[in-house]
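Student: Can you keep this structure in mind? I'll have questions shortly.
There are 4 protein chains.
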Amino acid sequence: MEDQTPSGREQASPEVRRRVQDSFDRQGLMAHLGARITHIGPGRVHITLPCRPEVTQQHGYFHAGATSAVADSAGGYAGLTLFPEDSDVLTVEYKINLLAPAVGDRIEAVGSVLKSGRTLTVCQLEVYGVHDDGSRKLVANGQQTLIRVNRPAP
Amino acid sequence: MEDQTPSGREQASPEVRRRVQDSFDRQGLMAHLGARITHIGPGRVHITLPCRPEVTQQHGYFHAGATSAVADSAGGYAGLTLFPEDSDVLTVEYKINLLAPAVGDRIEAVGSVLKSGRTLTVCQLEVYGVHDDGSRKLVANGQQTLIRVNRPAP
Amino acid sequence: MEDQTPSGREQASPEVRRRVQDSFDRQGLMAHLGARITHIGPGRVHITLPCRPEVTQQHGYFHAGATSAVADSAGGYAGLTLFPEDSDVLTVEYKINLLAPAVGDRIEAVGSVLKSGRTLTVCQLEVYGVHDDGSRKLVANGQQTLIRVNRPAP
Amino acid sequence: MEDQTPSGREQASPEVRRRVQDSFDRQGLMAHLGARITHIGPGRVHITLPCRPEVTQQHGYFHAGATSAVADSAGGYAGLTLFPEDSDVLTVEYKINLLAPAVGDRIEAVGSVLKSGRTLTVCQLEVYGVHDDGSRKLVANGQQTLIRVNRPAP
Numbered sequence: 001m002e003d004q005t006p007s008g009r010e011q012a013s014p015e016v017r018r019r020v021q022d023s024f025d026r027q028g029l030m031a032h033l034g035a036r037i038t039h040i041g042p043g044r045v046h047i048t049l050p051c052r053p054e055v056t057q058q059h060g061y062f063h064a065g066a067t068s069a070v071a072d073s074a075g076g077y078a079g080l081t082l083f084p085e086d087s088d089v090l091t092v093e094y095k096i097n098l099l100a101p102a103v104g105d106r107i108e109a110v111g112s113v114l115k116s117g118r119t120l121t122v123c124q125l126e127v128y129g130v131h132d133d134g135s136r137k138l139v140a141n142g143q144q145t146l147i148r149v150n151r152p153a154p
Numbered sequence: 001m002e003d004q005t006p007s008g009r010e011q012a013s014p015e016v017r018r019r020v021q022d023s024f025d026r027q028g029l030m031a032h033l034g035a036r037i038t039h040i041g042p043g044r045v046h047i048t049l050p051c052r053p054e055v056t057q058q059h060g061y062f063h064a065g066a067t068s069a070v071a072d073s074a075g076g077y078a079g080l081t082l083f084p085e086d087s088d089v090l091t092v093e094y095k096i097n098l099l100a101p102a103v104g105d106r107i108e109a110v111g112s113v114l115k116s117g118r119t120l121t122v123c124q125l126e127v128y129g130v131h132d133d134g135s136r137k138l139v140a141n142g143q144q145t146l147i148r149v150n151r152p153a154p
Numbered sequence: 001m002e003d004q005t006p007s008g009r010e011q012a013s014p015e016v017r018r019r020v021q022d023s024f025d026r027q028g029l030m031a032h033l034g035a036r037i038t039h040i041g042p043g044r045v046h047i048t049l050p051c052r053p054e055v056t057q058q059h060g061y062f063h064a065g066a067t068s069a070v071a072d073s074a075g076g077y078a079g080l081t082l083f084p085e086d087s088d089v090l091t092v093e094y095k096i097n098l099l100a101p102a103v104g105d106r107i108e109a110v111g112s113v114l115k116s117g118r119t120l121t122v123c124q125l126e127v128y129g130v131h132d133d134g135s136r137k138l139v140a141n142g143q144q145t146l147i148r149v150n151r152p153a154p
Numbered sequence: 001m002e003d004q005t006p007s008g009r010e011q012a013s014p015e016v017r018r019r020v021q022d023s024f025d026r027q028g029l030m031a032h033l034g035a036r037i038t039h040i041g042p043g044r045v046h047i048t049l050p051c052r053p054e055v056t057q058q059h060g061y062f063h064a065g066a067t068s069a070v071a072d073s074a075g076g077y078a079g080l081t082l083f084p085e086d087s088d089v090l091t092v093e094y095k096i097n098l099l100a101p102a103v104g105d106r107i108e109a110v111g112s113v114l115k116s117g118r119t120l121t122v123c124q125l126e127v128y129g130v131h132d133d134g135s136r137k138l139v140a141n142g143q144q145t146l147i148r149v150n151r152p153a154p
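Residue numbers (the UniProt record's numbering), protein chains in the order written: chain A, 1 to 154; chain B, 1 to 154; chain C, 1 to 154; chain D, 1 to 154.
Below is the structure:
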């Protein structure tokens, strides 16, 4: 049913998926934008954001800020999938190139871990403009540094 | 009345301010987040975003995506203030470091032009967490490359 | 004889290869570091730098500056392979993550074009630490923006 | 005698200056390029690189790789000045914009700490083209993330 999740792509364990989804559900911004997670694999997370006026810039394209927000979240959660259970993730920094006007029925951000270290993790960020006819185009590409932090007890 | 606009800071011309404000008002994302422009000077634009659940991440801080979105817009409009009237601005890329948890009653993004060229413009991006008691703290710092494009006739 | 050039990898045309090699040969820094081009394909260039004390940092690893220098050149020349003959390339900016200590008998920088536009080109940069026994490890990963400029007549 | 060191600029303690200078002297690349440290202040280091063919690109300007190398070192040592004695510094990543052709009798890289944390430090990088007549121009601007590591016992 989830057409954005390539069939056959490896899923993370149920525990990891629940941990990522729970954290995502606490991100007010993601809900406010209308974003949702469409894939949680080991070291790889997809987030989809449908097109609507609330996420555009002055020409009606997806705003670079919206594009970046879902890219940043996808990368952060990709890192989190590889962390021990009692830890959390913070973005240290990221850099993103806006390669083409971000148009489409939705954008799909793909965060994937390039290097996972004890303290720092580096992710690749890709954002595709996706049309309902199935065509896809890379509209943004970035690189992100994450830091693992101990999660405070609840 | 605009406490975020330091008194005495130079304003851009009325034409430039109207051009920037008009473009900003067409950015669906900025309205959806609740952001507004608080200063338009030559080569320098401030954007303020009040804190509310719709712009937060999982710990209740401002989401890096929201922080980046206002930083990106502040830089883009800072560049636009120096462009000829018949041109528009696109973000080529930016890099941002999240220096500290973005907390405060609001954040204030300051975009300022570092180098303005015929084709490319480079801006510095700063985001401050601001409390109603007047205290401010730098929470993010970045660098952005913009490209000037000819505006299509309406 | 060129073990760094994977057999079967597509070569650029002789004209393009000569143009890239000529430009490279005029880069005093590359000769001074001891770097040489080991592959020129369409949109993809490899540069190899042997390990010697002159390119190290305080721990005897390759200096980040040397790693970056060959990465930047590899990306720039990857872009140049796709440009018309009367044009030249300048680096607008790049960002690089140093993923692991850069050790090896040599490092190999791989620049590959991600998006080639009329004015701007975006490249991916990878640097591998390579040992004579054939083992390789990704030690740096980056992203670069190039601008095409008209070459002044000689 | 050191014209690059603005008179009156605060110096780091003799211990810190010696520690930085010792580390710098072990960087084979800096000596090979001809770079030297011209100022060591708390959270701020200057490195100067004279112009000569060995550090140029194909047009005779300073190569972006040489510009970046001294910028990276200046930032790294700026961070190190604020670290405890038994620690060392590694570059996590940096991003640099080449703002103008790097010409001059020398370039001067200025690294200054923007945010110093327990684990991570963020620096601003500036590189100036400097002529013997005293004129200076900003030719590159960047931002760098450093990590503090415990120094292995000798």
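Don't be surprised by glycine CBs; every beta carbon is placed ideally from N, CA and C.
Can you pull the chain C residues whose beta carbon is under 9 Å from the beta carbon of A/Glu141, in chain order?
Tutor: Translated into positions along the first sequence, residue 141 of chain A becomes position 141. The amino acid at residue 141 of chain A is misidentified as Glu; the sequence shows Asn. Those are Leu114, Lys115, Val122, Gln124 and Gln143, listed as they occur along chain C.
Student: How about B/Asn150: is its C-beta nearer than 8 Å to some C-beta of chain A?
Tutor: Within the second sequence, the letter at position 150 stands for residue 150 of chain B. Not closer than 8 Å to any Cβ of chain A, the Cβ of B/Asn150 fails to qualify, so no.
Student: Apart from the five residues just before and just after A/Gly129, which ones in its own chain have a Cβ nearer than 6 Å to its Cβ?
Tutor: As a first step, residue 129 of chain A is located in the first sequence; it is residue number 129 there, counting from the start. Counting only Cβ-Cβ distances below 6 Å, and skipping sequence neighbours, we find Ala102, Val103, Gly104, Ile107, Lys137 and Val139.
Student: Within a Cβ cutoff of 6 Å, which residues of the same chain sit near C/Ala64, ignoring the five residues on either side of it in sequence?
Tutor: Position 64 of the third sequence holds residue 64 of chain C. Counting only Cβ-Cβ distances below 6 Å, and skipping sequence neighbours, we find Leu98.
Student: Distance cutoff 8 Å, beta carbons only. Does D/Thr48 sit that close to anything in chain C?
Tutor: Counting from 1 along the fourth sequence, the entry for residue 48 of chain D is found at position 48. Judged by the 8 Å Cβ criterion, D/Thr48 is not in contact with chain C.
Student: Does the count of Cβ pairs from the region 70-81 of chain A and the region 29-38 of chain B closer than 8 Å reach three?
Tutor: At 8 Å Cβ cutoff, the stretches do not touch.
Student: What ranges does the alpha helix (DSSP H) occupy inside the region 31-114 of chain D, keeping only unbroken runs of at least 4 residues that lie completely in it?
Tutor: Here the runs fully enclosed are 64-80.
Student: For D/Arg26, report the span of its beta strand (DSSP E) as first-last.
Tutor: Your numbering for residue 26 of chain D matches position 26 in the fourth sequence. Where D/Arg26 is concerned, there is no enclosing beta strand (DSSP E), given that its DSSP letter is neither H nor E.
Student: When the Cα atoms are used, what is the spatial distance from B/Gly60 to C/Leu29?
Tutor: As a working mapping, residue 60 of chain B is identified with position 60 in the second sequence. As a working mapping, residue 29 of chain C is identified with position 29 in the third sequence. Going from the Cα of B/Gly60 to the Cα of C/Leu29 covers about 49 Å.
Student: Classify A/Arg18: buried if its beta carbon has 16 or more other beta carbons within 10 angstroms, exposed otherwise.
Tutor: Mapped onto the first sequence, residue 18 of chain A falls at position 18. When all chains shown are included, A/Arg18 counts as exposed.
Student: In the structure shown, what three-state DSSP assignment does C/Gln21 receive?
Tutor: Sequence index remark: in the third sequence, residue 21 of chain C carries index 21 (1-based). Three-state result, C/Gln21: helix.
Student: Using only the alpha-carbon positions, how far apart do B/Gln11 and D/Thr91 sit?
Tutor: Mapped onto the second sequence, residue 11 of chain B falls at position 11. Mapped onto the fourth sequence, residue 91 of chain D falls at position 91. One C-alpha to the other measures close to 40 Å.
Student: Please tell me whether D/Gly43 and D/Ser135 are closer than 8 Å, where the distance is taken between their beta carbons.
Tutor: Indexing the fourth sequence from 1 puts residue 43 of chain D at position 43. Indexing the fourth sequence from 1 puts residue 135 of chain D at position 135. Result no, Cβ atoms of D/Gly43 and D/Ser135 do not sit closer than 8 Å.
Student: Tell me which residues of the UniProt domain "Thioesterase" (59-128) of chain B have at least one Cβ-Cβ distance to chain C shorter than 9 Å, keeping chain order.
Tutor: Of all residues in the UniProt domain "Thioesterase" (59-128) of chain B, Val92, Glu93, Lys95, Thr119, Leu120 and Val122 have a Cβ within less than 9 Å of some Cβ in chain C.
Student: Under the assumption that D/Cys123 contacts D/Ala78 (Cβ atoms under 8 Å), give the Cβ distance between them as a whole number of angstroms.
Tutor: On the fourth sequence, residue 123 of chain D is found 123 positions in, with the first residue counted as 1. On the fourth sequence, residue 78 of chain D is found 78 positions in, with the first residue counted as 1. D/Cys123 to D/Ala78, Cβ: 5 Å. Contact.
Student: Could you tell me the alpha carbon to alpha carbon distance between D/Gln27 and C/Thr56, rounded to whole angstroms?
Tutor: Looking up residue 27 of chain D in the fourth sequence gives position 27. Looking up residue 56 of chain C in the third sequence gives position 56. Their Cα atoms are separated by approximately 6 Å.
Student: Taking A/Thr119 as part of the beta strand (DSSP E), name the residues at either end of that continuous run.
Tutor: Position 119 of the first sequence, counting from 1, holds the residue named residue 119 of chain A. No beta strand (DSSP E) contains A/Thr119, which DSSP labels as neither H nor E.
Student: Quick one, which residues of the region 6-30 of chain C are near chain D if we go by CB-CB under 9 Å, in chain order?
Tutor: Hits within the stretch, in order: Asp22, Ser23, Phe24, Asp25, Arg26, Gln27, Gly28, Leu29 and Met30.
Student: Measuring only between beta-carbons, confirm whether C/His131 sits less than 8 Å from chain D.
Tutor: On the third sequence, position 131 is the one that residue 131 of chain C refers to. False, the Cβ-Cβ gap to chain D never drops below 8 Å.
Student: Using a cut-off of 9 Å between C-beta atoms, extract the partners of B/Val55 located in chain A.
Tutor: Counting from 1 along the second sequence, the entry for residue 55 of chain B is found at position 55. Those are Gly28, Leu29 and His32, listed as they occur along chain A.
Student: Could you give the first and the last residue of the continuous beta strand (DSSP E) run that contains A/Gln143?
Tutor: Position 143 of the first sequence holds residue 143 of chain A. Segment Arg136 to Asn150, the beta strand (DSSP E) holding A/Gln143.
Student: Taking D/Ile147 as the query, report the chain A residues whose CB atoms sit under 8 Å from its CB, ordered along the chain.
Tutor: In the fourth sequence, residue 147 of chain D corresponds to position 147, counting from 1. The contacting residues are Thr119 and Leu120.
Student: Taking all protein chains shown into account, decide if D/Thr119 is buried (16 or more other Cβ within 10 angstroms of its Cβ) or exposed.
Tutor: Here residue 119 of chain D refers to the residue found at position 119 when the fourth sequence is read from its first residue. Exposed, by the Cβ-count rule.
Student: In this structure, does DSSP put D/Glu126 in helix, strand or coil?
Tutor: Here residue 126 of chain D is taken as the residue at index 126 of the fourth sequence, counted from 1. Looking at D/Glu126 - three-state DSSP - the assignment turns out to be strand.
Student: Do we get a CB-CB distance below 8 Å when we pair B/Ser23 with the residues of chain G?
Tutor: Protein chains A, B, C and D are contained in the structure displayed, whereas chain G is not.
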